[in-house]
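What follows is a single structure, written as structure tokens, with notes after it.
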Amino acid sequence: MFPVAWRPPLIAIERAALPGTGAGSDFNLTHARDVNLLVVDDESTVRELLCAALRHAGFTVAAAGTGQEALDRAREVTPDLVLLDVMLPDLDGFEVIRRLRGRHRPASGSRTGHVPVVFLTARDGTRDKIEGLVLGGDDYVTKPFDLEELIARIHAVLRRTSGDPTALLRAADLELDPEGMQAARSGEPLRLSPTEFRLLHYLMTNAGRTVSKAQILQRVWDYDFNGDTGIVDTYISYLRRKIDNGGPKLIHTVHGVGYVLRGPKS
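Residue numbers (the working numbering): 313 to 578.
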């Protein structure tokens with residue numbers, strides 16, 4: 313739920329300064345076409361204003377006011393991304409993402425296990441942010457927020473999660489060819505096992521962004537998170553020996569969360 317003090321700025325944004333509607337705006341509405349969003353917030357005024365703003369920005373938007381309604385709507389509309397509040401009246405946002413990720417999959421099955429999720433909530437504590445990321449959230453935006461920044465974050469998440477799966481990936485002097493199943497650093501080929509290759513591919517797809525061990529387990533091994541992430545640590549160690557050996561460190565530990573692949577700081 314939004315703090316009451318935040319409502320007037322949102323109303324002002326919705327009426328007077330929507331991306332792409334103000335003078336001199338360089339926001340490209342075509343980038344949002346054919347993108348289905350699901351907005352989940354229990355406060356109707358906030359939900360309606362946010363939906364209106366996102367539709368103005370060119371998105372197709374569905375909405376839900378409870379956790380169970382969010383799960384039902386996700387099955388109906390198959391969203392490309394979910395904007396999810398944490399504080400909901402029935403299932404909280406963390407439980408919703410657990411179910412979306414398939415950890416409590418309904419008997420009928422679900423096609424929404426890997427849908428990107430951006431938490432959008434007034435809960436700004438570090439523990440909440442870590443829990444959201446560990447459970448598989450793709451971003452965590454705290455209220456109050458800037459609308460154009462939110463839309464930029466939506467596009468960034470969509471780029472990370474729906475890019476060309478065969479495109480050559482580069483990070484610093486590291487290259488990976490998904491189609492040819494080859495990787496090299498500074499032009500020197502890397503001898504990687506299939507699992508190491510999948511792990512490196514996932515890290516490079518999310519270069520510059522911290523990914524949790526639970527996310528890695530789900531995306532690389534297709535395992536449900538049960539508290540045991542030792543296999544992730546083991547394979548990160550294998551990768552480091554092959555990638556970071558003799559060159560600037562690229563794979564970094566983010567304590568309490570997971571790992572990030574990024575180039576050396578200049």
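By construction, the Cβ of each residue, glycine as well, lies at the ideal position given by its N, Cα and C atoms. Every value quoted in this text rests on a predicted model; they were computed, and no experiment measured them.
When DSSP labels each residue in this structure, what does R417 get in the three-state scheme?
-> A caution first: R417 carries a pLDDT of 43, below 50, which makes its placement in the model too unreliable to give a value.
Is it buried or exposed for V566, if we count other Cβ within 10 angstroms and need 16 for buried?
-> exposed
Examine the Cβ distances between the stretch 451-462 and the stretch 487-499 and report whether three or more of them are shorter than 8 Å.
-> no
Segment contact flag, the stretch 428-440 with the stretch 513-521, C-beta cutoff 8 Å, min 3 pairs = no
Rounded distance between the beta-carbons of V394 and L350, thought under 8 Å = 5 Å
Starting from the Cα of F371, find the closest Cα among Y452, D451, L462 and give me that residue.
-> L462
Just curious, the alpha helix (DSSP H) that E407 is in, first and last residue?
-> 405-412
When burial is assigned at 16 or more other CB atoms within 10 Å of the CB, is L480 buried or exposed?
-> exposed
Three-state secondary structure (DSSP) at G542?
-> helix
When the Cα atoms are used, what is the spatial distance from R471 to S356?
-> 29 Å
Who are the near neighbours of K554 in its chain, counting only those whose CB is closer than 6 Å to its CB and skipping five residues on each side?
-> L502
DSSP three-state assignment for H368, whether helix, strand or coil | helix
Own chain, CB closer than 6 Å to G379, minus 5 neighbours either side, in chain order = L400, D402, L403, V408
Segments of 4+ residues assigned as alpha helix (DSSP H) that fall wholly inside the stretch 482-565 | 506-517, 525-528, 542-555
T333 versus A364 - alpha carbon distance | Its pLDDT being 36, under 50, T333 is placed unreliably in this model, and the coordinates cannot settle the point.
Apart from the five residues just before and just after D338, which ones in its own chain have a Cβ nearer than 8 Å to its Cβ?
-> With a pLDDT of only 38 at D338, under the threshold of 50, the placement of this residue in the model should not be trusted; the figure read from the coordinates follows. Contacts found: none.
Does the Cβ of Y576 have 16 or more other Cβ atoms within 10 Å, making it buried, or fewer, making it exposed?
-> Note on identity: in this sequence residue 576 is Pro, with Tyr being the wrong assignment. Burial call: exposed.
Where T507 and T390 are concerned, what is the direct C-alpha to C-alpha distance, given to the nearest angstrom?
-> 29 Å
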